[in-house]
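Visitor:
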Amino acid sequence: MVAIKAPRGVRDILPDESWKWAYVLEVASEVADLFGYREVHLPIFEDTALFARGIGDTTDVVEKEMYTFTDRSGRSLTLRPEATASMVRCYLEHGMQREKQPAKLWCSGPMFRYERPQKGRYRQFWQLDFEAIGVQDPMVDVEIVALSLELFRRLGLSNLEVMVNSVGCPRCRPTYREELKAYLAPHLDELCDSCRARFDRNPLRILDCKEEGCIEITQGAPDVVEHLCEECRSHFDQFLNGLEAIGASYRLNKRLVRGLDYYTKTAFEVTSGKLGAQNAVCGGGRYDHLAEAIGGSFTPGVGFAAGIERVILSMEEEGASFGERPSIDAFVVTAEASARPKAVSFLHELRRNGLRCDMDYAGKGMRSQLKAASSSGARFACILGSEELSRGAVAVKDLSSGKQQEFPLEKAAERIKAVLKEQAGG
Ligand code: AMP
Numbered sequence: 023m024v025a026i027k028a029p030r031g032v033r034d035i036l037p038d039e040s041w042k043w044a045y046v047l048e049v050a051s052e053v054a055d056l057f058g059y060r061e062v063h064l065p066i067f068e069d070t071a072l073f074a075r076g077i078g079d080t081t082d083v084v085e086k087e088m089y090t091f092t093d094r095s096g097r098s099l100t101l102r103p104e105a106t107a108s109m110v111r112c113y114l115e116h117g118m119q120r121e122k123q124p125a126k127l128w129c130s131g132p133m134f135r136y137e138r139p140q141k142g143r144y145r146q147f148w149q150l151d152f153e154a155i156g157v158q159d160p161m162v163d164v165e166i167v168a169l170s171l172e173l174f175r176r177l178g179l180s181n182l183e184v185m186v187n188s189v190g191c192p193r194c195r196p197t198y199r200e201e202l203k204a205y206l207a208p209h210l211d212e213l214c215d216s217c218r219a220r221f222d223r224n225p226l227r228i229l230d231c232k233e234e235g236c237i238e239i240t241q242g243a244p245d246v247v248e249h250l251c252e253e254c255r256s257h258f259d260q261f262l263n264g265l266e267a268i269g270a271s272y273r274l275n276k277r278l279v280r281g282l283d284y285y286t287k288t289a290f291e292v293t294s295g296k297l298g299a300q301n302a303v304c305g306g307g308r309y310d311h312l313a314e315a316i317g318g319s320f321t322p323g324v325g326f327a328a329g330i331e332r333v334i335l336s337m338e339e340e341g342a343s344f345g346e347r348p349s350i351d352a353f354v355v356t357a358e359a360s361a362r363p364k365a366v367s368f369l370h371e372l373r374r375n376g377l378r379c380d381m382d383y384a385g386k387g388m389r390s391q392l393k394a395a396s397s398s399g400a401r402f403a404c405i406l407g408s409e410e411l412s413r414g415a416v417a418v419k420d421l422s423s424g425k426q427q428e429f430p431l432e433k434a435a436e437r438i439k440a441v442l443k444e445q446a447g448g
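Quick note on the working numbering: the sequence shown kicks off at 23 and runs consecutively.
Below is the structure:
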């Protein structure tokens, strides 16, 4: 029988990497606090209708990428492909419109999309998601961009570019849509298959097609920003002024239409110069009509999602720090097997005192235990030899200097902590 492996596009995050994830999540939580965003934990699956209506059923995500299944009661459920629709559902379901507005919320967790896997693109990937729901003020759009930039700054990313656009609203977009179609119509035969299919259903998406031919054709396409209604134009101007006020440099990108239908007005993306084809570290924008699409009343909102895998890849490429890699303080070694019960109680005592420690459970000889102590990264080896034990003591060897000292067993934890504190201070 062939051993079962993880499905294609899905990865295990092993200990060599998971501590980097913990660091990114810790920094995200600090930045959330700094900006007043409160954390929520959302379900991994939702009613399929939430995404079909919220994201839009002509989008790639809904048409081709969702993991949809029927549960035992015959209900259609979907593993969440993104978090914004769930966040807005959560806001509506819990009557958050009655609280202080905007409701500023964040969450993190895995998302699922049936995409073609490649570097930086997976079928299960993690996002950090920040949303400000309930107000239309363009300064909130500025805050969202500022939050993403502060997050990336704290994570040590510098090789970044902010791209912005406005995709208009249901009032001005239809006119633009028709102009775009009129421009594209004579080139219909030259577009790729997907874009030909998008022409009637979702022509704006043709603007962000990555096919060479389509890029060339859309080069001279009408610019959405030039077709904005007064309200969208004013919102966009205030948003850009706000970005300038916080000293954020940005590039206008008329191709930036984003993959999800719910965007209105502001669209933005942050890309890393250190990533290859999949270079977006975060993307977001405003979604003033998403709540109505899922059965709520008019509720504006703006937010962004950052892909944790991509953030970590960019940090690695830039040589950014992930903080201190967790290691242990002490490794308990026994000279005789008969000392193992003593070792277990000593280990327990050290841990109760807050020292991170471990011992060998594989029945190794003393020499191998000492080797294991070194490779564990421990600072000290605490050797319980029969002679030391007869004196009620333990030999504590500093594995970096090789220096060995003897401490009374009951004082050992305190002494080790004192040495660690002294060294950390020095
Ligand atoms: P989106 O929800 O499509 O706006 O994506 C927001 C961010 O999530 C992107 O900028 C990426 O960082 C990340 N992301 C989206 N799709 C994937 C994927 N399939 N694999 C890894 N990261 C992804």
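Yeah, the Cβ is synthetic: ideal placement off N, Cα and C, and Gly gets one too.
These figures come from a predicted structure and were not determined experimentally.
(1) Enumerate in chain order the residues of its own chain whose CB-to-CB distance from A359 is below 7 Å, with the five nearest sequence positions on each side excluded.
(2) Need the endpoints of the alpha helix (DSSP H) that M161 sits in, please.
(3) Need the endpoints of the beta strand (DSSP E) that K403 sits in, please.
(4) I need the straight-line Cα distance from A243 to V49, nearest angstrom please.
(5) Spatial neighbours of L297 within its chain, please: CB distance less than 8 Å, with the 5 preceding and 5 following residues excluded, ordered by chain position.
(6) Tell me which residues share the same chain as C251 and place their Cβ nearer than 6 Å to its Cβ, disregarding the 5 neighbours each side in the sequence.
(7) Following the continuous alpha helix (DSSP H) through Q260, name the residue where it begins and the one where it ends.
(8) I believe F261 touches V164 by the beta-carbon criterion, under 8 Å. Please report the beta-carbon distance rounded to the nearest angstrom.
(9) Please report the straight-line C-alpha distance between P363 and V110, rounded to a whole angstrom.
(10) Quick one: what does DSSP say G447 is sitting in, helix, strand or coil?
(11) In angstroms, rounded to a whole number, what distance separates the CA positions of C236 and R401?
(12) Using only CA atoms, which one of S130, G317, Y113 lies nearest to K122?
(13) Using a threshold of 6 Å, is the CB atom of R195 nearer than that to any non-hydrogen atom of ligand 1?
(14) What is the residue span of the beta strand (DSSP E) that L179 lies within?
(15) Straight-line CA distance for L372 to K439?
(16) Mapping DSSP to helix, strand and coil, what is T197?
(17) For E201 and F221, I'd like the C-alpha separation in whole angstroms.
(18) Keeping to the same chain, check which residues put their C-beta closer than 7 Å to that of E212; ignore five residues upstream and five downstream.
(19) Could you pull out every unbroken beta strand (DSSP E) segment of at least 3 residues lying fully inside the region 59-101, listed in chain order?
(20) Say the cut is 6 Å; is the CB of C304 nearer than that to a heavy atom of ligand 1?
(21) Need the endpoints of the beta strand (DSSP E) that M133 sits in, please.
(22) Considering only residues of the same chain and omitting the five flanking positions on each side of S342, which have a CB-CB separation below 7 Å?
(23) Under the three-state reduction of DSSP, which class applies to R220: helix, strand or coil?
(24) Please check the pair E153 and G323, which I expect to be a contact at CB under 8 Å, by giving their CB distance rounded to whole angstroms.
(25) Where does E279 fall in DSSP's three states?
(26) Helix, strand or coil for F290 per DSSP?
(27) For A302, which beta-bridge partners are listed by DSSP?
(28) Can you tell me where the beta strand (DSSP E) holding F326 begins and where it ends?
(29) Return yes when the Cβ of F290 is within less than 7 Å of the Cβ of L169, no when it is not.
(30) From A54 to W128, what does the alpha carbon distance come to, in whole angstroms?
(31) Let me check you understand the geometry: is the CB of Q140 closer than 6 Å to at least one non-hydrogen atom of ligand 1?
(32) So, under 8 Å CB-CB, K287 and V167 are touching, yes? Tell me the CB distance rounded to an integer number of Å.
(33) So V449 packs on Y284, CB below 8 Å; how close in whole Å?
(34) Would the beta-carbon of N181 fall within 7 Å of that of G295?
(35) In whole angstroms, what separates the C-alpha of K419 from that of T293?
(36) Quick one: give me the first and last residue of the beta strand (DSSP E) that K419 is part of.
Guide: From the atom records:
(1) As a first step, residue 359 must be located in the sequence shown, where it is residue number 337. If we look at A359 and ignore the five residues flanking it on each side, it has no Cβ neighbours.
(2) Taking the first residue of the sequence shown as position 1, residue 161 is located at position 139. Taken as a continuous stretch (DSSP letters only), the alpha helix (DSSP H) holding M161 covers 160-176.
(3) As a working note, residue 403 is residue 381 in the sequence shown. Looking at the sequence provided, one finds Ala at residue 403 rather than Lys. 402-406 is the extent of the beta strand (DSSP E) around A403.
(4) Walking along the sequence shown from the start, residue 243 turns up at place 221. Walking along the sequence shown from the start, residue 49 turns up at place 27. The alpha-carbon of A243 is positioned some 41 Å away from that of V49.
(5) Taking the sequence shown and counting its residues from 1, the one referred to as residue 297 is at position 275. Cβ neighbours of L297 beyond the five flanking positions: G142, V303, R332, L335, S336, E339.
(6) Residue numbering aside, residue 251 sits at position 229 when the sequence shown is read from its first letter. Here the set comprises R193, C194.
(7) Stepping through the sequence shown from its first residue, residue 260 is reached at position 238. 252-267 is the span of the alpha helix (DSSP H), which, as asked, contains Q260.
(8) Numbered from 1 along the sequence shown, position 239 holds the residue referred to as residue 261. Numbered from 1 along the sequence shown, position 142 holds the residue referred to as residue 164. Contact holds; Cβ gap of about 6 Å.
(9) Working through the sequence shown from its first residue, we reach residue 363 at position 341. Working through the sequence shown from its first residue, we reach residue 110 at position 88. Straight-line Cα distance between these residues: approximately 55 Å.
(10) By 1-based counting over the sequence shown, the position of residue 447 is 425. Collapsing the DSSP output to three states places G447 in a helix.
(11) The sequence position of residue 236 within the sequence shown is 214, counting from 1. The sequence position of residue 401 within the sequence shown is 379, counting from 1. Our two residues, C236 and R401, have alpha carbons roughly 59 Å apart in a direct line.
(12) Along the sequence shown, read from residue 1 onward, the residue named residue 122 stands at position 100. For the residues S130, G317, Y113, the minimum Cα distance to K122 belongs to Y113.
(13) Walking along the sequence shown from the start, residue 195 turns up at place 173. Shortest gap from the CB of R195 to any heavy atom of ligand 1: 6 Å or more.
(14) Numbered from its first residue, the sequence shown carries residue 179 at position 157. For L179, there is no enclosing beta strand (DSSP E), as DSSP gives it neither H nor E.
(15) As a working note, residue 372 is residue 350 in the sequence shown. As a working note, residue 439 is residue 417 in the sequence shown. About 10 Å.
(16) Residue mapping note: residue 197 aligns to position 175 of the sequence shown, counting from 1. T197 falls in the helix class under three-state DSSP.
(17) The residue you call residue 201 lines up with position 179 of the sequence shown. The residue you call residue 221 lines up with position 199 of the sequence shown. Computed Cα separation, rounded: 12 Å.
(18) The sequence position of residue 212 within the sequence shown is 190, counting from 1. Closer than 7 Å at the Cβ level, and outside the excluded window around E212, lie G235, I239.
(19) Those beta strand (DSSP E) runs which fall completely within the region 59-101 and span 3+ residues are 67-69, 89-92, 98-101.
(20) Working through the sequence shown from its first residue, we reach residue 304 at position 282. With a cutoff of 6 Å, C304 counts as near ligand 1, since its C-beta is closer than that to a heavy atom of the ligand.
(21) By one-based count along the sequence shown, residue 133 stands at place 111. Taken as a continuous stretch (DSSP letters only), the beta strand (DSSP E) holding M133 covers 125-134.
(22) Against the sequence shown, residue 342 aligns to sequence position 320. Here the sequence assigns Ala to residue 342, which means Ser is not the residue at that position. Correct list, in chain order: L177, G178, L179.
(23) Here the question's residue 220 lines up with position 198 in the sequence shown. The answer is helix: DSSP assigns R220 an H, G or I state.
(24) As a first step, residue 153 must be located in the sequence shown, where it is residue number 131. As a first step, residue 323 must be located in the sequence shown, where it is residue number 301. Contact between E153 and G323 is confirmed by a C-beta separation of about 6 Å, below the 8 Å threshold.
(25) The sequence position of residue 279 within the sequence shown is 257, counting from 1. Checking the sequence, you will find Val at residue 279 rather than Glu. Reduced to three states, the DSSP call for V279 is coil.
(26) Locating residue 290 in the sequence shown gives position 268, where the first residue counts as 1. In the structure shown, F290 sits in a strand (DSSP, three-state: E or B).
(27) Counting from 1 along the sequence shown, the entry for residue 302 is found at position 280. According to DSSP, which records beta bridges pairwise, A302 is partnered with T293.
(28) The sequence position of residue 326 within the sequence shown is 304, counting from 1. Counting along the chain, the beta strand (DSSP E) containing F326 begins and ends at 323-329.
(29) In the sequence shown, residue 169 corresponds to position 147, counting from 1. In the sequence shown, residue 290 corresponds to position 268, counting from 1. No. Outside cutoff.
(30) Along the sequence shown, one-based indexing puts residue 54 at 32. Along the sequence shown, one-based indexing puts residue 128 at 106. The alpha-carbon of A54 is positioned some 7 Å away from that of W128.
(31) The residue you call residue 140 lines up with position 118 of the sequence shown. It does not: the Cβ of Q140 is nowhere closer than 6 Å to a heavy atom of ligand 1.
(32) As a position in the sequence shown, residue 287 is number 265, starting the count at 1. As a position in the sequence shown, residue 167 is number 145, starting the count at 1. For a cut-off of 8 Å, the C-beta gap from K287 to V167 is around 13 Å, too long to register as a contact.
(33) Nothing in the structure corresponds to residue 449, since the chain is present only between 23 and 448.
(34) By 1-based counting over the sequence shown, the position of residue 181 is 159. By 1-based counting over the sequence shown, the position of residue 295 is 273. Contact: yes.
(35) Numbered from 1 along the sequence shown, position 397 holds the residue referred to as residue 419. Numbered from 1 along the sequence shown, position 271 holds the residue referred to as residue 293. The straight-line gap separating the alpha-carbon atoms of K419 and T293 is approximately 49 Å.
(36) Along the sequence shown, read from residue 1 onward, the residue named residue 419 stands at position 397. Annotation for K419: the continuous beta strand (DSSP E) segment containing it runs 415-420.
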